[in-house]
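Chains as they are written, first to last, in the numbering used here: chain Y, 1 to 266; chain A, 1 to 401.
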């Protein structure tokens, strides 16, 4: 049944847009003719940890990048608390995939974290002692203070990911968007990162992460957004992260990806 | 004579030319560093070759209008316009077609350069000897440079340095992590435009001294050499500026003494000598220091492995291990450990056990990650932490310290 807008729907939509720190409407991204992300609507709940889940090539990273204007979408609008994200980028911290940068680049760990302060200092501003202290405090939160003056190429993959997270912490944002923060990291790093994400939530901030490991979704996240080019489902993990929805997102490929805990226990 | 040139004692004009060249070298090294960080070094080659038709056309236009065809500001303006066209062509081809940037550079570079050479030939048939000097733009020449020309070059170099100082942070962030830079409000297109504009500016003002064929070397060699000296981008930029300035200073001085030598090649060869020295002897990343570190590490590993074998009563067959153990007084020629060797061996075993325990403790995991197999445990952990480990292992057993 086709439902057209009535006054009540319009009010409800306006309300949810105003409250959501990250609301996507009709986002479509296409590299050539074939869309990578097609007409996605999503309304991220404030103060929650949300996982974006879907198979390889489902457009998870592409959706994040397009929503932030890092790549140009074909169409769609994205808002932060009812205002266009383009005007609110100073309240948003983005953590790209670790593989997207050259780790042989001649910078030290502390220099990378200080990059998170670019918005604050601006083009001609100077970094103060307080800024450096703040950057060190961010490294402390991810357990990397000992590495502050190391060249980034000397770090392990997990340590590099923590440095990226520290740089985002330095931005002191309301909304944290992370692209595969747990990809290829060691167990200690995974624990450290999830602890930081949960502490961000405790501070009332919103966290959205592209996530690959289905087995940890219920432990780590409150909400889940299932994506496979189109949006499959979104909502609380308890009601949305169901076999039916996962089947719809992953097709027939899920049989071995998830083990039903009840079946194992029985 | 050369020394006099180096220290600015060859008269006012030569001094000014050398000064201008030095400033140009600094600007080229500094600007080139960002190009090197952004991994777009070859774009500068397309830009420089694309200047030639502009130089030739500017000459033709100026002569046709009845001015002096060798007017440097006029020629540089022409070169800037055609360099901008060439840069635009590279950008357009690589972003709007399926051509990769290197293919676009190859196409643009050769077409613009070919067109420029045709125009130079036309000029030779066209006018009467007044074109003399245009060839100087190919390989660079300081001969017959005017006071105003040198001033223009020095001023352009200084301006480029000021612009780099202003835009260094966005250029650095766009080079290291473009996606994050974009999310921090840095306009990547505009930043790249500034970077390429700077490169174009340095190329244009460097045409007269270094020449369009070799200016790319002055942009690239100093940063590549500087990279051997430091792991910090801000220092690489400063060192590259210094090396570029040094090359240009020496090159221009040599050219002041021997005016028949083309300036560009001398400057580039000087830069190359500096590059070679940096590659071999730089203390941070030079080949020599790397080889020494590698050798020391290898020796350390052999000694440690030998000690482990001794402690466990295993025979040692590796000749290098035996040789090193003997040299250190830890074992005799027949492979029997000396008392010193026995003590060291048991210490190695004990520390290995300590590390093993440390690795399984989440609180010590970060510290354990810093252990490369040879680090002394006392250098990484505090005495308290070690004591704590020892109680968990069951205390030190039969170890003579």
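Glycine included, C-beta positions come from ideal geometry on N, C-alpha and C. Keep in mind the model is a prediction, meaning the values are calculated, not measured.
- Under DSSP, residue 294/A forms no beta bridge with any residue.
- For residue 236/Y, there is no enclosing alpha helix (DSSP H); the enclosing beta strand (DSSP E) has its first and last residue at 230-236.
- Residue-level contact check: residue 241/Y does not touch chain A, since none of the beta carbons of chain A fall below 8 Å from its beta carbon.
- In the three-state reduction of the DSSP assignment, residue 245/Y falls in the helix class, which pools H, G and I.
- Measuring C-alpha to C-alpha distances from residue 264/A to each of 42/A, 4/A and 21/A identifies 21/A as the nearest.
- When 286/A, 355/A, 382/A and 176/A are compared, the shortest CA-CA separation from residue 108/Y is found for 176/A.
- Residues of chain Y with a Cβ closer than 7 Å to the Cβ of residue 95/A do not exist, since the nearest Cβ in that chain sits about 12 Å away.
- Within the same chain, and ignoring the five residues on either side of residue 13/A in sequence, the residues whose Cβ sits closer than 8 Å to its Cβ are 145, 147 and 150.
- A contact between stretches requires three or more CB pairs, one per stretch, nearer than 8 Å, and the region 90-108 of chain A meets this requirement with the region 43-57 of chain A.
- Going by beta carbons, residue 204/Y and residue 168/Y fall outside the 8 Å limit.
- The closest CA to that of residue 122/A, considering only 41/A, 53/A and 168/A, is found on 53/A.
- When Cβ-Cβ separations below 8 Å define contact, residue 160/Y makes no contact with chain A.
- Not flagged as an interface residue toward chain A: residue 182/Y, since no C-beta distance is shorter than 8 Å.
- By the Cβ neighbour-count rule, residue 174/Y is buried, with 16 or more other Cβ atoms within 10 Å of its own.
- Counting only residues of its own chain and dropping the five nearest sequence neighbours on each side, residue 16/Y has a CB closer than 6 Å to the CB of 43.
- Contact between residue 393/A and residue 351/A fails: their C-beta atoms lie close to 11 Å from each other, not under 8 Å.
- Against residue 124/Y, the close residues of chain A are 166, in the order they occur along the chain (beta-carbon pairs closer than 8 Å).
- Within the DSSP bridge table, the entry for residue 179/Y names 210/Y as partners.
- Annotation: residue 60/Y has no Cβ neighbours in chain A at a cutoff of 9 Å; minimum Cβ distance is about 15 Å.
- Rounded to whole angstroms, the separation of the alpha carbons of residue 176/Y and residue 71/Y is 18 Å.
- Sequence-distant partners of residue 204/A (beyond 5 residues in either direction) whose C-beta falls short of 7 Å from its own C-beta, in its chain, are 51, 76, 79, 80 and 83.
- Cα atoms of residue 306/A and residue 355/A: separation of roughly 19 Å, rounded to the nearest angstrom.
- C-alpha of residue 99/A to C-alpha of residue 31/Y: approximately 16 Å in a straight line.
- Leaving aside the five residues that flank residue 181/A on each side, the residues in its chain whose CB is nearer than 8 Å to its CB run, in chain order, 170, 173, 174, 188 and 191.
- For residue 22/Y, the enclosing beta strand (DSSP E) covers residues 22-30.
- Residue 304/A sits in a helix when the DSSP states are folded into three classes.
- Setting aside the 5 residues that flank it on each side, residue 236/A is surrounded in the same chain by 33, 223, 226, 227 and 230, each with a C-beta closer than 7 Å to its C-beta; the list follows chain order.
- With a cutoff of 8 Å on beta-carbon distance, residue 315/A and residue 335/A are scored as near each other.
- Annotation: the continuous alpha helix (DSSP H) that includes residue 246/A extends over 233-257.
- For residue 227/Y, the secondary structure class from DSSP, reduced to helix, strand or coil, is strand.
- Annotation: residue 135/A has no Cβ neighbours in chain Y at a cutoff of 7 Å; minimum Cβ distance is about 39 Å.
- Within the region 139-166 of chain A, no run of alpha helix (DSSP H) reaches 4 residues while sitting entirely inside it.
- Per the coordinates, the alpha-carbon of residue 87/A lies some 15 Å from the alpha-carbon of residue 212/A.
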